[in-house]
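Protein chains: 2
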Amino acid sequence: MVTSRSDSRFAGFRDARVMITGGLGLIGSALARRLVGFGAEVLLVDSMVPDAGGNPANIADIRDRVRVNIADIRDREAMRHLLAGQHFLFDLAAQTSHLDSMNAPDHDLAVNCAAQLQLLELCRAVAPEMAVVHAGTRQIYGRPQYLPVDEAHPLRPADVNGVNKMAGEAYHLLFHDVYGLNTRSLRLTNVYGPGMRIRDARQNFLGIWLRRVLEGAAFEVWGGEQRRELLFVEDAVEAFLIAALKRETAGQALNIGGGEPYSLLGLAEALIRANGGGHFERREFPEERKRIDIGDFVTDDGRFRELTGWAPRVDLDDGLARSLKYYRRHLTDYL
Amino acid sequence: MVTSRSDSRFAGFRDARVMITGGLGLIGSALARRLVGFGAEVLLVDSMVPDAGGNPANIADIRDRVRVNIADIRDREAMRHLLAGQHFLFDLAAQTSHLDSMNAPDHDLAVNCAAQLQLLELCRAVAPEMAVVHAGTRQIYGRPQYLPVDEAHPLRPADVNGVNKMAGEAYHLLFHDVYGLNTRSLRLTNVYGPGMRIRDARQNFLGIWLRRVLEGAAFEVWGGEQRRELLFVEDAVEAFLIAALKRETAGQALNIGGGEPYSLLGLAEALIRANGGGHFERREFPEERKRIDIGDFVTDDGRFRELTGWAPRVDLDDGLARSLKYYRRHLTDYL
Chain V
1 MVTSRSDSRF AGFRDARVMI TGGLGLIGSA LARRLVGFGA EVLLVDSMVP
51 DAGGNPANIA DIRDRVRVNI ADIRDREAMR HLLAGQHFLF DLAAQTSHLD
101 SMNAPDHDLA VNCAAQLQLL ELCRAVAPEM AVVHAGTRQI YGRPQYLPVD
151 EAHPLRPADV NGVNKMAGEA YHLLFHDVYG LNTRSLRLTN VYGPGMRIRD
201 ARQNFLGIWL RRVLEGAAFE VWGGEQRREL LFVEDAVEAF LIAALKRETA
251 GQALNIGGGE PYSLLGLAEA LIRANGGGHF ERREFPEERK RIDIGDFVTD
301 DGRFRELTGW APRVDLDDGL ARSLKYYRRH LTDYL
Chain G
1 MVTSRSDSRF AGFRDARVMI TGGLGLIGSA LARRLVGFGA EVLLVDSMVP
51 DAGGNPANIA DIRDRVRVNI ADIRDREAMR HLLAGQHFLF DLAAQTSHLD
101 SMNAPDHDLA VNCAAQLQLL ELCRAVAPEM AVVHAGTRQI YGRPQYLPVD
151 EAHPLRPADV NGVNKMAGEA YHLLFHDVYG LNTRSLRLTN VYGPGMRIRD
201 ARQNFLGIWL RRVLEGAAFE VWGGEQRREL LFVEDAVEAF LIAALKRETA
251 GQALNIGGGE PYSLLGLAEA LIRANGGGHF ERREFPEERK RIDIGDFVTD
301 DGRFRELTGW APRVDLDDGL ARSLKYYRRH LTDYL
């Protein structure tokens with residue numbers, strides 16, 4: 001993707017001060033890459049909590065063009081200092097593992113819920129004019145009552161992570177409504193691509209699949225019929241960039257889907273196709289995951305598309321091929 | 001109201017161990033009064049946080065028939081010990097001031113959100129069969145998008161209290177869905193009656209109105225046209241008792257309204273009528289309250305009525321008269 005100063009849609013980022021929490025993660029690092037291309041001053045904040053998404057390898061190619069500050073979003077005084085003077089905040093830091101949220105609910109609450117409230121209080125205090133884009137999640141809908149799921153679908157989170165992400169997002173909408181903060185939330189489907197964790201199945205089924213096929217081993221498909229969408233990271237980044245500049249999105253929570261839904265089996269086959277070989281085994285869902293699984297999920301993101309003209313552009317085969325190519329070169333950085 | 005062992009609907013409470021958090025508050029103390037009448041072993045837990053609802057005067061008449069344990073629901077080990085062996089939990093402890101939630105959001109989060117998650121983890125561990133009724137609130141809907149508001153109405157909390165109560169309730173529903181806990185939430189409208197705080201306007205406009213008329217002073221009506229419902233505490237108690245015994249309500253969040261909605265002016269006039277005199281002044285909404293006000297609110301509680309046969313029985317004139325009578329005798333205990 002061309003990321004240059006010549007893309008006039010994003011001229012608003014030129015010389016802008018932009019802070020990204022979760023900045024060494026999958027989406028944060030890809031956002032940073034676009035933003036330095038636009039001439040922004042980029043500050044990446046990451047907690048480097050083990051087993052979260054932060055990985056210095058994600059910014060190896062832009063390391064000398066960004067500022068990196070290791071700090072946890074729960075650290076009030078660090079955040080107060082870092083937020084002051086920023087023009088944009090991409091608020092991506094999160095605990096994203098559904099299973100971990102059930103086993104360590106307090107930690108999930110602290111990061112996804114309490115730290116969001118604190119961050120917004122700090123935004124009010126030191127950067128009230130800043131544009132904020134919060135990374136929400138389709139997880140807050142829980143098991144769909146109808147498909148595709150639009151923003152009016154009831155919220156019935158199916159795990160602790162979903163409850164905390166629901167509350168974290170609601171603070172953003174509230175601080176818009178009450179204090180006029182320029183913030184919005186994008187309810188993301190599964191995002192994948194170069195830079196994602198592939199060490200294990202903690203955050204996303206696809207990561208461990210990628211690792212296994214690259215290592216020439218079989219990967220496991222749990223269940224298989226459930227439909228999911230996958231959004232390539234560059235398409236997610238585009239949505240964040242557009243949302244940050246589009247004032248009309250302020251105060252809204254907007255779905256961001258991933259184009260065509262596939263069954264897990266269909267995704268497994270696409271991965272093997274993209275890799276030029278590989279094999280997988282179907283397994284029953286592990287019990288502790290089954291009880292928090294949400295079944296089929298298909299997103300209706302018509303509202304965001306209409307508001308902004310955004311649409312995903314990288315199809316699954318291409319996205320998987322680019323991911324495999326990246327990890328073949330950089331595998332050891334991600335194990 | 002007759003509260004005796006002869007009410008066969010509530011035979012399930014006879015000799016049952018019942019814990020009530022927020023037990024010295026308006027609803028908690030009135031629940032306790034009914035429950036001791038049924039022959040339950042009642043444990044009242046209250047933090048006695050200043051300016052919350054707890055007041056020992058509320059249980060003066062039943063003090064020797066209940067056990068009182070002063071402890072905060074945030075106190076994990078105290079809660080673990082107290083919950084063990086209980087058959088019922090009425091989970092009423094909360095920070096209920098909307099304005100305080102904006103000025104001290106961390107405290108509201110700790111009590112209404114984080115402590116709920118912790119309490120449910122403890123229920124799983126030490127009392128997994130216990131029946132739980134959580135005190136929810138209509139505040140989580142925010143400004144109504146239509147009237148009357150049913151349970152399918154979108155959740156868009158208008159203050160920090162609403163976000164935290166939304167999350168607190170969602171944990172209850174989640175722990176039902178995932179772990180099979182026998183819990184439900186009642187989304188209450190404004191509850192009033194003998195035992196409510198009347199010292200100031202922190203929790204409920206009616207409290208300070210009562211105080212002013214009893215002191216022969218004018219009270220202030222902010223705005224005046226907004227419609228609100230008032231539910232007399234005994235009717236609220238009846239809803240809690242029924243919900244605790246009705247297995248079909250488990251996993252549900254159910255609206256509890258207050259019968260006829262009145263404008264604030266209509267309520268002010270009813271209060272003066274019930275008092276046999278008094279006067280009030282209309283005022284503009286104070287700015288800090290205006291921005292979190294939700295406008296008209298009318299509840300559709302048809303689902304709970306259909307499921308249980310419950311309906312409010314104490315009309316406004318009667319409820320106000322009984323409240324005034326109570327505070328005339330006990331005023332000094334509430335100032």
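The listed protein sequences correspond, in order, to chains V and G. When we follow the numbering used here, the leftmost residue of the first sequence carries the number 1, and every step to the right adds one. When we follow the numbering used here, the leftmost residue of the second sequence carries the number 1, and every step to the right adds one. Using N, Cα and C, we set each Cβ at its ideal position, and we do this for glycine too.
Whole-angstrom C-beta distance between residue j and residue i, which should lie under 8 Å
i, j, result
"G:I62", "G:V36", "5 Å"
"V:P157", "G:L174", "6 Å"
"V:Y146", "V:S323", "Their Cβ separation, rounded to whole angstroms, is 32 Å, which puts V:Y146 and V:S323 out of contact at 8 Å."
"V:E234", "V:A30", "6 Å"
"V:R197", "V:D100", "Not a contact, Cβ separation roughly 12 Å."
"V:D7", "V:S47", "31 Å between Cβ atoms; not a contact."
beta-carbon residue i near the ligand GTP non-hydrogen atom, thresh 6 Å
i, result
"G:D51", "In the structure on display, the ligand GTP does not appear, and there are no ligands present to speak of."
Rounded straight-line distance, which links the Cα of residue j to that of residue i
i, j, result
"G:D150", "V:D64", "55 Å"
"G:Y179", "G:R124", "8 Å"
"V:D15", "G:D296", "46 Å"
"V:G142", "G:M102", "29 Å"
"V:L264", "V:E225", "6 Å"
"V:T96", "V:I294", "15 Å"
"V:L254", "V:A78", "30 Å"
"G:T249", "G:L267", "32 Å"
"V:Q252", "V:P154", "16 Å"
"G:G23", "G:L320", "23 Å"
"V:V163", "V:D300", "21 Å"
"G:Y326", "G:P194", "6 Å"
"G:D317", "G:A60", "26 Å"
"G:R199", "G:L214", "12 Å"
"G:R17", "G:L83", "10 Å"
"V:W222", "V:E260", "20 Å"
"V:F219", "V:P286", "15 Å"
"G:I256", "G:A236", "8 Å"
"V:M19", "V:H176", "19 Å"
"V:C113", "V:Y171", "9 Å"
"V:T332", "V:P105", "31 Å"
"G:H81", "G:G25", "22 Å"
"V:F88", "G:H134", "40 Å"
"G:R9", "V:V126", "57 Å"
"G:G136", "G:E238", "15 Å"
Three-state secondary structure (DSSP) of residue i
i, result
"V:W209", "helix"
"V:T409", "Past the edges of chain V, shown from 1 to 335, lies residue 409 of chain V, and the structure says nothing about it."
"G:R329", "helix"
"G:A94", "coil"
"G:L254", "strand"
"V:R17", "strand"
"V:G180", "coil"
"G:T3", "Note that G:T3 scores a pLDDT of 48, beneath 50, so its modelled location is shaky and nothing firm can be said."
"G:T189", "coil"
"G:S263", "strand"
"G:V314", "coil"
"G:L230", "strand"
"G:E238", "helix"
Residue of the options minimising C-alpha distance to residue i
i, options, result
"V:E169", "V:R187, V:Q145, V:L181", "V:R187"
"G:Q86", "G:A71, G:A40, G:D300", "G:A40"
"V:G216", "V:I272, V:D91, V:L119, V:H81", "V:I272"
"V:A115", "V:R282, V:D91, V:G266", "V:D91"
"V:A311", "V:A270, V:Y262, V:G258, V:A321", "V:G258"
"G:A93", "G:V233, G:F232, G:A52, G:E77", "G:A52"
"G:T189", "G:R227, G:L307, G:H107, G:R329", "G:R227"
"V:R305", "V:V42, V:D177, V:R247, V:I242", "V:I242"
"G:D75", "G:P105, G:G277, G:E121, G:F38", "G:E121"
"V:T21", "V:L43, V:R33, V:F13", "V:L43"
"G:N275", "G:D315, G:L26, G:E281, G:L210", "G:L210"
"V:D315", "V:A270, V:A152, V:F205", "V:A270"
"V:H107", "G:V111, G:L117, G:H107, G:H98", "G:L117"
"V:R184", "V:L231, V:E229, V:A131", "V:A131"
"G:N55", "G:V160, G:I292, G:G28, G:R313", "G:G28"
(request) Taking only beta carbons into account, state which residues of the region 111-133 of chain V come closer than 7 Å to chain G, listed in chain order. (result) Residues of the region 111-133 of chain V with a C-beta atom less than 7 Å from some C-beta of chain G are C113, A114, L117, E121, listed in chain order.
(message) Can you pull out the residues from the region 281-302 of chain V whose beta carbon lies closer than 8 Å to at least one beta carbon of chain G?
(response) Residues R291, I292.
(message) If the cut-off is 9 Å on Cβ atoms, which residues from the region 154-167 of chain G count as contacting chain V, listed in chain order?
(response) Sequence-ordered contacts of the region 154-167 of chain G with chain V read P154, L155, R156, P157, A158, D159, V160, G162, V163, N164, M166, A167 [C-beta pairs closer than 9 Å].
(request) Scan the region 167-178 of chain V for residues whose Cβ lies nearer than 8 Å to a Cβ of chain G and list them as they occur along the chain. (result) Within the region 167-178 of chain V, the qualifying residues are A167, A170, Y171, L173, L174, D177, V178.
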